[in-house]
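Read through the structure below, which is laid out as structure tokens, and then see the notes.
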Amino acid sequence: MGKEVVKEAHCLSIDCSLDDCIDEQSTWRPTIGFIGCGTIGGRHVENFLENGYAVCVYDISATRMAETKAIGAKLTAGCYECAASSDVIFTSLPTPADVSKAVLDEDTGILRAIAPGKIYVDITTNSTAMVHRLCGAIEARGGEMLDAPFNDCPVGATSIYGMGLAVLASGNIDTFHRVHHLLALMADNVLYCGSIGKGTECKLIHNAVNAVAVQAVSEGVTLGLAAGIPLNTIWDALRLGAFGQNAGDIHGLPHYWFSRRMDSDACPPAFTVKLLRKDLRLTLALAKERDVPVPQISATEQEYMEAEKRGWAHCAATKVRCLQEARAGVVAKGDVPLLPHPMMQCGSAPSSPRSAPSASRTANRKSAACISRECPLWMVVVLVVVTNLVQWVLRGAVQGDGWWL
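What follows is the structure in structure tokens.
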């Protein structure tokens, strides 16, 4: 059996009472159906079996079917048969077209087996249009659906429990309550993202932002090599600086952006639009000198040039984000908590699968949640600030408004 751990719920737009709802459902041990037993699906099948669940499986690969049978899964003849034998059906497939065929095929699809009480969960990175189409079909037969795309743990990152980083679930909140204890076995974090399709949208946004960062890193590394900098030196400069600790300023967004601190004249910025554009122009000059195309950096410099044209030269460099707000017709403003800055994690993730928490650990989690709910806001703020300072000092660098320096 897997290692006993506490299941944490990081849920958006729902309050502390979620713990009570989840605990009431956590004794439900449904038969699980899993369609798609590849790299991700096969790992989840094994973990559910390790945690004592009965699991029915179907995969087009005879090899994968044999592998899951060897560890205790029940084989089925197709998607319909798998769904008919299960209470909660998961799909983990490569493309929206694959999911559509698995669910909607009139003769062999999951939909034929859907009846009141059955729950379908798609963990594929799907299209939102397909998710809504599937949900409509499932609900028309009395079933329930969540889209819950899975965020795996890439090489270099660390999953606490060795399964994955996050499940981004969305759909009916009562359905989410019913299967939360299953989702919690699949990743370190389970996020409730809202109505059906919102989990998929969050996953697509995450992947797109990550892709842009990957391209930016590619440009930076190749520019460094062309400039004669050793690869290991470039690697160290990226991983030990602000980018490696806080890519895209993700941990500082509540402090710099969502609070609208960048719009205020009360706090003179440590690093301005003008200064950062200067750095970008110097980088472009170096790229031109070395004959290295850097389209992402070039496009970013254009953003800062536009910010200067709007009279923001002496504003905080983060002010450039207002350009994108204007294009999108939104304003990112709100009281989003500033989370403690995570320490850099190295090494391999533990291989043991997750299992249900003990009653004492569940009680401790509920107590902690209730304590945090009753804590005065000023005390929470002080604790967050102190935690950040301690972590920053341990790193040997204190990060302020000029985090990119």
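Just so we're aligned, residue 13 is where the sequence shown starts under the working numbering, counting upward by one.
Glycine residues also receive a C-beta, built at the ideal position from the N, C-alpha and C atoms.
Short Cβ contact (8 angstroms threshold) for residue i with residue j
i: G155; j: Y132; result: yes
i: V306; j: L294; result: no
i: L61; j: I83; result: yes
i: T136; j: L105; result: yes
i: V1; j: A74; result: Here the chain has residues from 13 to 417 only, and residue 1 is not among them.
i: M142; j: V100; result: no
i: Q308; j: A239; result: no
i: T80; j: G50; result: no
i: A160; j: L195; result: yes
i: P281; j: C327; result: yes
i: T170; j: S97; result: no
i: T107; j: A114; result: no
i: F283; j: A329; result: yes
i: D134; j: L146; result: yes
Where the beta strand (DSSP E) containing residue i begins and where it ends
i: L296; result: Run containing L296: none in the beta strand (DSSP E); it sits in the alpha helix (DSSP H), V285 to R302.
i: V69; result: V67 to Y70
i: G45; result: I44 to I47
Other residues of its chain near residue i: CB distance less than 6 angstroms, five sequence neighbours each side excluded
i: I172; result: D200
i: C94; result: G45, I47, C68, Y70 and T88
i: K130; result: G155
i: L250; result: G256
i: G346; result: F270
i: R339; result: none
i: E118; result: none
i: V394; result: Confidence at V394 is low in this model, with a pLDDT of 47, below 50, so its placement is unreliable and no value can be given for it.
i: A299; result: L235 and V306
i: Y65; result: I44
Cβ distance (whole Å) where residue i is taken to contact residue j below 8 angstroms
i: A181; j: Y204; result: 6 angstroms
i: I246; j: G256; result: About 11 angstroms; that fails the 8 angstroms criterion.
i: N163; j: H218; result: 7 angstroms
i: E8; j: V285; result: A query on residue 8 cannot be resolved here, the shown segment of the chain reaching from 13 to 417 and no further.
i: V226; j: G260; result: Going by Cβ atoms, the distance from V226 to G260 rounds to 12 angstroms, so no, they are not a contact pair.
i: H192; j: V202; result: 6 angstroms
Same chain, Cβ closer than 7 angstroms to residue i, five either side skipped, listed in chain order
i: H144; result: I208 and G209
i: T234; result: V304
i: E313; result: R289, L292, R293 and L296
i: R153; result: L123, I126 and A127
i: Y92; result: T120, G121, I122, R124 and A125
i: E213; result: T140
i: E315; result: V332 and L335
i: E386; result: For E386, the predicted model reports a pLDDT of 41, less than 50, meaning its position is unreliable; a value from the coordinates is still stated below. No residues qualify anywhere along the chain.
i: R273; result: H267 and C279
i: M198; result: H56, F162, M175, G176 and V179
i: A325; result: T284, V285 and K286
i: L417; result: For L417, the pLDDT reaches just 39, beneath the cut-off of 50, and the residue's location in the model is therefore unreliable, although a value from the coordinates is still provided. Only F283 meet the Cβ criterion.
i: E318; result: L335
i: I52; result: S104, F162 and D164
Residue i, DSSP secondary structure in three states
i: I83; result: coil
i: D164; result: coil
i: A368; result: Per-residue confidence for A368 stands at a pLDDT of 44, beneath the threshold of 50, marking its modelled position as unreliable; no derived number is given.
i: A278; result: coil
i: D157; result: The question names Asp, but residue 157 is Met in the sequence shown. Correct three-state label for M157: strand.
i: Y132; result: strand
i: Y204; result: strand
i: V100; result: strand
i: A74; result: helix
i: A169; result: strand
i: A196; result: coil
i: A419; result: Within the shown structure, residues of the chain are numbered from 13 to 417, placing residue 419 beyond reach of any answer.
i: A325; result: coil
i: A344; result: coil
i: G260; result: helix
i: W40; result: coil
i: L105; result: coil
i: A95; result: helix
i: R190; result: helix
i: T137; result: coil
i: T120; result: coil
First through last residue of the alpha helix (DSSP H) which encompasses residue i
i: V143; result: T140 to A152
i: G236; result: K210 to A238
i: Y316; result: P307 to K321
i: L180; result: L180 -> not in any alpha helix (DSSP H); beta strand (DSSP E) instead, spanning A178 to G183.
i: F60; result: T51 to E62
i: V111; result: P108 to L116
i: D248; result: L243 to L252
i: A340; result: R333 to A340
Residues near residue i in its chain [Cβ-Cβ closer than 8 angstroms; skip 5 each side]
i: W390; result: Residue confidence is low: W390 scores 47 on pLDDT, short of 50, so the model does not pin down where it sits. Its coordinate-derived value is still stated next. Correct list: empty, nothing qualifies.
Residue i at chain D interface by Cβ criterion, 8 angstroms
i: C94; result: This model lacks chain D altogether; it includes just one protein chain.
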